[in-house]
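In the numbering used here, the protein residues as written are 2 to 294.
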C-alpha cells in the first residue's frame, strides 16, 4: 500500500520545526528515523497530513553524560548507542537494548526518542526507560518541560507529547555504585517485535541486601509497564532465589497481554515472569551474588 497524501517540510532549525508543529498542530508528525512511522503510514495505520522532517538538525544527534545523567538526543540512532563502550560499563541495560532493537539496518536509522514517541506496546526502549527511571524533555511554544517516563507513556501509540510539541531528549540517571541491569526478550526471529520482554536494574547495599530496583515488562499490555509490586518485594530483601521468584510472580500477575500469532495470553504472562527472573538473576550474578540457579 501507499501512504495517504501528505505535505512534507524539512526543518532547517529547531525553531523552524517548532513553528511548523505549532502551525499544523495535531495534523503534523515529526519524522526522525522513520522506522516505525513510515511503515505505519504505508499501511495507513497513521495518516498525518503533514510530516516535519528534523533530520537536518544535527545538534540533536548527541549522546552525552553530564551531572549524573546520560542524555540521548532526538536524532541519536540506536547504532550510535550500540557502539559506545561507556554504555556497556555504566549503563548495561541501554547497551543490551541497543544491540537487539530490530536488526542492524533498522538500528542505523531508528532513534531511541522516536521509539519512545511511537510507543508500540512491544517496543524495546520503553521497557528499559521504565526500569531506568528515565525522563523525557519536551518542548513547544509554551516552553520546555520534563516528563517522567511513567507519565510519558500514556497508551498504545500515545504519549504525553502534545500538539505542537517535540520530544527533544531522553535522560537516564547514572546508576549508583553496586548497580547492574539486564534487558531480556524473546522473539520469533531476529528483527521481530518482542513476544515478551523485561528489564531489571538492581542496587545492592553494603550489607548485601537489595537497596533499590527498577523492573518493567513489555508486550504485556497497552504500554510497557513498571512492576511496582516486584520493586517493593525486593526492597531491603536478601538477593535469593525466593526473592527473585516472588518478583517474577508479581510480573506474571501484572502482565495483561493480547493473544496474537506470537503467543497466547497465558504463554505471554508466563514469559513476562520468566524474563523478569532471568533479568534479575543476570544482574545479581554480575554483582557477585551466588547460588541463584
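In this text, a Cβ means the ideal position worked out from N, Cα and C, and glycines have one as well.
Residue i versus residue j - alpha carbon distance
i, j, result
"residue 53", "residue 27", "12 Å"
"residue 148", "residue 162", "9 Å"
"residue 111", "residue 59", "15 Å"
"residue 245", "residue 31", "41 Å"
"residue 290", "residue 281", "11 Å"
"residue 55", "residue 19", "10 Å"
"residue 15", "residue 209", "48 Å"
"residue 265", "residue 66", "41 Å"
"residue 102", "residue 263", "17 Å"
"residue 37", "residue 207", "44 Å"
"residue 188", "residue 177", "31 Å"
"residue 224", "residue 198", "12 Å"
"residue 279", "residue 7", "45 Å"
"residue 213", "residue 200", "14 Å"
"residue 72", "residue 63", "8 Å"
"residue 40", "residue 155", "22 Å"
Contacts around residue i, its chain only, beta-carbon distance under 6 Å, and the 5 residues preceding and following it disregarded
i, result
"residue 115", "33 and 34"
"residue 283", "183"
"residue 61", "74, 75 and 76"
"residue 99", "79, 82 and 83"
"residue 158", "120"
"residue 1", "No information on residue 1 is available, as it lies outside the stretch 2 to 294 that the chain covers here."
Cutoff 7 Å; reference residue i; Cβ partners in own chain excluding five residues on either side
i, result
"residue 286", "293"
"residue 238", "210, 211 and 244"
"residue 44", "2"
"residue 123", "194, 195, 219 and 220"
"residue 179", "204, 205 and 288"
Cross-strand partners of residue i (DSSP beta bridge)
i, result
"residue 170", "74 and 138"
"residue 103", "According to DSSP, residue 103 bridges with nothing at all."
"residue 186", "198"
"residue 126", "BP columns for residue 126 are empty, so no partner."
"residue 112", "78"
"residue 23", "Answer by DSSP bridge pairing: none, since residue 23 is not bridged."
"residue 226", "218"
"residue 180", "204"
"residue 29", "51"
"residue 261", "264"
The beta strand (DSSP E) enclosing residue i, as first and last residue numbers
i, result
"residue 191", "Careful: residue 191 lies outside any beta strand (DSSP E) and carries neither H nor E."
Residue range of the unbroken alpha helix (DSSP H) whose run includes residue i
i, result
"residue 273", "266–287"
"residue 36", "Careful: residue 36 lies outside any alpha helix (DSSP H) and carries neither H nor E."
"residue 10", "Taken as a continuous stretch (DSSP letters only), residue 10 belongs to no alpha helix (DSSP H), being part of the beta strand (DSSP E) at 8–11."
"residue 212", "Note, residue 212: premise wrong, no alpha helix (DSSP H); beta strand (DSSP E) at 211–219."
"residue 207", "No alpha helix (DSSP H) holds residue 207; DSSP gives it neither H nor E."
"residue 254", "242–255"
"residue 229", "229–235"
Contact set for residue i: own chain, Cβ-Cβ below 8 Å, skip 5 residues either direction
i, result
"residue 70", "172, 173, 174 and 175"
"residue 234", "244, 247, 248 and 251"
"residue 12", "18, 21, 53, 54, 55, 57 and 58"
Chain D contact for residue i (CB, 8 Å cutoff)
i, result
"residue 138", "Included in the structure is just one protein chain, with no chain D present."
As an exercise, report each continuous beta strand (DSSP E) stretch of at least 3 residues that is fully enclosed by the stretch 131–166, in chain order. 136–141, 144–149 and 154–156
3 or more residues per run - each beta strand (DSSP E) lying fully within the stretch 40–90: 51–54, 64–67 and 70–74
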